[in-house]
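S.K.: Residue numbers (the working numbering): 6 to 398.
All C-beta atoms, glycine included, are put in the ideal place defined by N, C-alpha and C.
Please read these numbers as outputs of a predicted model, since none were measured by experiment.
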């Protein structure tokens, strides 16, 4: 497959400041005249020389050519002080080249093994690292036990490195030369995933899933230095006749560690974030209930908590927890009027409650010499009723 696209944007630019007490500096242009050309090529080849063995190869190419004029702009700091230097609006280009190879071997009907290797090279302009290369090796095992159970296990190892990391020469926003941006830095990643399904009776399915991913940025003295994610989940489903029910619950824990510096040099403070996400779903549906209509009901619940701890020169402190809770309820019914026509009605309710210390209580001018947007953490209730008609020819 081959695709080519173009993105443009010519909206009028806003003034440098809304402060009437500052002198007005004319903009270099009325619009950014933004233009980006995109090209993408996908090629896939498959072969099965033997019924127990198959191969697959895939090549992906993507080019993002940013042709937006790179003009020089003045700017105003905190809507109060004109900046002493101007800045050039940078147009970022990138080119991604990826090759994937996979082999599948089936020694017998109930067992299959996959081995995969991929390499991805990304070339970037106007950034600290011109080229990054990511190599990945993974193995997957799938098996079934007499039609009553199924198991799937996967392991992966990934490594990213690239060209020399050179901080940009930016007088307006200089960076610590020891800083490594997480998407450009060297990274070693390893992970495992396991899923087991139990099919004790034909109508029901019970599954358990566990996944662990570990990232190590061992070459980064300042910036993100490590991350670990763990996911545990259970889901179940039951179906018989026109009735079906399903339920699931999962929890994900993400821990990250970073270092930084107050003196624009060696790291002298660190921070650790711990995020926990919990979600659950419960629902059922019944077709031709009382031989009149189809009914479906589903309830979902999710909750998250974020905790940030920091250690500055031996003084430990923590920010207030970030919290969010969401509940969603959906009830729908569909009546068949004729063989090819049906009418439906659905009710949808959602409630979201969140606490964010960085937003709550911070108005547009709460902090001196800083104009904020006044955004608050999301809190709302939504009720929706909608009708539908389905016609099939």
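Taking the straight line between their C-alpha atoms, what separation do you get for residue 140 and residue 164?
M.R.: Along the chain shown, read from residue 1 onward, the residue named residue 140 stands at position 135. Along the chain shown, read from residue 1 onward, the residue named residue 164 stands at position 159. Taking the straight line from one Cα to the other gives about 5 angstroms.
S.K.: Who are residue 121's beta bridge partners in DSSP?
M.R.: Mapped onto the chain shown, residue 121 falls at position 116. Answer is 107 and 143.
S.K.: Alpha carbon to alpha carbon, how far is residue 382 from residue 359? Give it in angstroms, no decimals.
M.R.: For this step, residue 359 is matched to residue 354 along the chain shown. For this step, residue 382 is matched to residue 377 along the chain shown. Cα-Cα distance, rounded: 6 angstroms.
S.K.: What does a CB cutoff of less than 6 angstroms around residue 292 pick up in its chain, not counting 5 residues either side in sequence?
M.R.: Numbered from its first residue, the chain shown carries residue 292 at position 287. Once the five neighbours on either side are set aside, the close Cβ partners of residue 292 are 247 and 299.
S.K.: Out of curiosity, what's the CA-to-CA distance linking residue 399 and residue 64?
M.R.: The question about residue 399 has no answer here: the residues shown for the chain are numbered 6 through 398.
S.K.: Mind listing, in chain order, the continuous alpha helix (DSSP H) runs of no fewer than 4 residues lying wholly within the stretch 21–100?
M.R.: Listed in chain order, there is nothing to give.
S.K.: Closest to residue 336 by CA distance: which of 384, 388, 261 and 74 is it?
M.R.: Here residue 336 is taken as the residue at index 331 of the chain shown, counted from 1. The shortest C-alpha separation from residue 336 is found at 388.
S.K.: For residue 137, name the three-state secondary structure that DSSP assigns.
M.R.: The sequence position of residue 137 within the chain shown is 132, counting from 1. Reduced to three states, the DSSP call for residue 137 is strand.
S.K.: Straight-line CA distance for residue 367 to residue 329?
M.R.: Working through the chain shown from its first residue, we reach residue 367 at position 362. Working through the chain shown from its first residue, we reach residue 329 at position 324. In a straight line, the C-alpha of residue 367 is about 18 angstroms away from that of residue 329.
S.K.: Given a threshold of 16 other Cβ atoms within 10 Å of its Cβ, counted over all protein chains shown, does residue 197 qualify as buried or as exposed?
M.R.: Here the question's residue 197 lines up with position 192 in the chain shown. Flag for residue 197 reads exposed.
S.K.: Relative to the C-alpha of residue 393, which residue among 264, 350 and 29 is closest?
M.R.: Here residue 393 corresponds to residue number 388 of the chain shown, with the count starting at 1. Out of 264, 350 and 29, 350 has the C-alpha closest to the C-alpha of residue 393.
S.K.: On a CA-only basis, which of 13, 68 and 379 is nearest residue 100? Give me that one, please.
M.R.: Along the chain shown, read from residue 1 onward, the residue named residue 100 stands at position 95. When each option's Cα is compared against that of residue 100, the closest is 68.
S.K.: Among residues of its own chain, excluding the 5 on either side of residue 249, which ones have a beta-carbon nearer than 6 angstroms to its beta-carbon?
M.R.: Working through the chain shown from its first residue, we reach residue 249 at position 244. So the list reads 290, once near-sequence residues are dropped.
S.K.: Bridge partners for residue 167 per DSSP, in chain order?
M.R.: By 1-based counting over the chain shown, the position of residue 167 is 162. Its beta-bridge partners are 137.
S.K.: With DSSP as the reference, identify every bridge partner of residue 276, one or two as the case may be.
M.R.: In the chain shown, counting from the first residue as 1, residue 276 sits at position 271. Answer by DSSP bridge pairing, in chain order: 263 and 315.
S.K.: Taking only the alpha-carbon atoms, compute the straight-line gap between residue 301 and residue 35 and give it to the nearest angstrom.
M.R.: Working through the chain shown from its first residue, we reach residue 301 at position 296. Working through the chain shown from its first residue, we reach residue 35 at position 30. Cα-Cα distance, rounded: 53 angstroms.
S.K.: Could you tell me the distance, in whole angstroms, from the CA atom of residue 265 to the CA atom of residue 227?
M.R.: Counted from its first residue, the chain shown places residue 265 at position 260. Counted from its first residue, the chain shown places residue 227 at position 222. So the two alpha carbons sit approximately 5 angstroms from each other.
S.K.: Using a Cβ-Cβ cutoff of less than 7 angstroms, which residues in the same chain neighbour residue 27 once the five nearest sequence positions on both sides are dropped?
M.R.: Residue 27 sits at position 22 when you count from the first residue of the chain shown. 81 and 87.
S.K.: Whose C-alpha, out of 117, 277 and 157, is nearest the C-alpha of residue 5?
M.R.: There is no way to answer for residue 5, as the model of the chain reaches only from 6 to 398.
S.K.: What's the C-alpha gap between residue 207 and residue 154?
M.R.: Here residue 207 refers to the residue found at position 202 of the chain shown. Here residue 154 refers to the residue found at position 149 of the chain shown. Their Cα atoms are separated by approximately 11 angstroms.
S.K.: Counting pairs of beta carbons, one from the stretch 105–123 and one from the stretch 131–150, are three or more of them closer than 8 angstroms?
M.R.: They touch, by the three-pair rule.
S.K.: Residues bridged to residue 239 by DSSP?
M.R.: The residue labelled residue 239 in the question sits at position 234 within the chain shown. Its beta-bridge partners are 213 and 254.
S.K.: By DSSP's criteria, residue 341 is part of a beta bridge. Which residues make up the other side?
M.R.: The residue given as residue 341 occupies position 336 in the chain shown. DSSP lists 347 as partners of residue 341.
S.K.: Are the Cβ atoms of residue 131 and residue 162 separated by less than 9 angstroms?
M.R.: Taking the chain shown and counting its residues from 1, one reaches residue 131 at position 126. Taking the chain shown and counting its residues from 1, one reaches residue 162 at position 157. Not closer than 9 angstroms, so no.
S.K.: Helix, strand or coil: which one does DSSP assign to residue 331?
M.R.: As a working note, residue 331 is residue 326 in the chain shown. Correct three-state label for residue 331: strand.
S.K.: Pull up the distance between the alpha-carbon of residue 378 and that of residue 211, whole angstroms please.
M.R.: By 1-based counting over the chain shown, the position of residue 378 is 373. By 1-based counting over the chain shown, the position of residue 211 is 206. Going from the Cα of residue 378 to the Cα of residue 211 covers about 48 angstroms.
S.K.: Could you compute how far the alpha carbon of residue 98 sits from the alpha carbon of residue 6?
M.R.: Counting from 1 along the chain shown, the entry for residue 98 is found at position 93. Counting from 1 along the chain shown, the entry for residue 6 is found at position 1. Answer to the nearest angstrom: the Cα atoms are 22 angstroms apart.
S.K.: Looking only at its chain, what residues have a beta carbon closer than 6 angstroms to the beta carbon of residue 159, apart from the 5 residues adjacent to it on each side?
M.R.: The residue given as residue 159 occupies position 154 in the chain shown. Contacts found: 145 and 198.
S.K.: Can you tell me whether residue 127 is buried or exposed? The criterion is at least 16 other CB atoms within 10 Å of its CB, across all chains shown.
M.R.: As a first step, residue 127 must be located in the chain shown, where it is residue number 122. With 16 or more Cβ atoms within 10 Å of its Cβ, residue 127 is classed as buried.
S.K.: Closest to residue 456 by C-alpha separation, out of 220, 105 and 187, would be which residue?
M.R.: No information on residue 456 is available, as it lies outside the stretch 6 to 398 that the chain covers here.
S.K.: Flag this pair as yes or no: are the beta carbons of residue 234 and residue 187 separated by less than 9 angstroms?
M.R.: Walking along the chain shown from the start, residue 234 turns up at place 229. Walking along the chain shown from the start, residue 187 turns up at place 182. No; because the gap between Cβ atoms is not below 9 angstroms, this pair is not in contact.
S.K.: Taking the DSSP output, what are the residues bridged to residue 203?
M.R.: Position 198 of the chain shown holds residue 203. Bridge partners of residue 203: 154 and 211.
S.K.: I'd like to know if the stretch 273–288 and the stretch 305–319 are in contact, where contact means that at least 3 CB-CB pairs between them fall below 8 angstroms.
M.R.: Contact between the stretch 273–288 and the stretch 305–319 is present, because at least three Cβ pairs lie under 8 angstroms.
S.K.: Nearest to residue 271 by CA position, among 52, 204, 84 and 317, is which residue?
M.R.: Against the chain shown, residue 271 aligns to sequence position 266. Among 52, 204, 84 and 317, the Cα nearest to that of residue 271 belongs to 317.
S.K.: How is residue 113 classed by DSSP in three states: helix, strand or coil?
M.R.: Mapped onto the chain shown, residue 113 falls at position 108. The answer is strand: DSSP assigns residue 113 an E or B state.
S.K.: Verify whether the separation of the beta carbon atoms of residue 230 and residue 263 is less than 9 angstroms.
M.R.: Indexing the chain shown from 1 puts residue 230 at position 225. Indexing the chain shown from 1 puts residue 263 at position 258. Yes, these two residues count as a Cβ contact at 9 angstroms.
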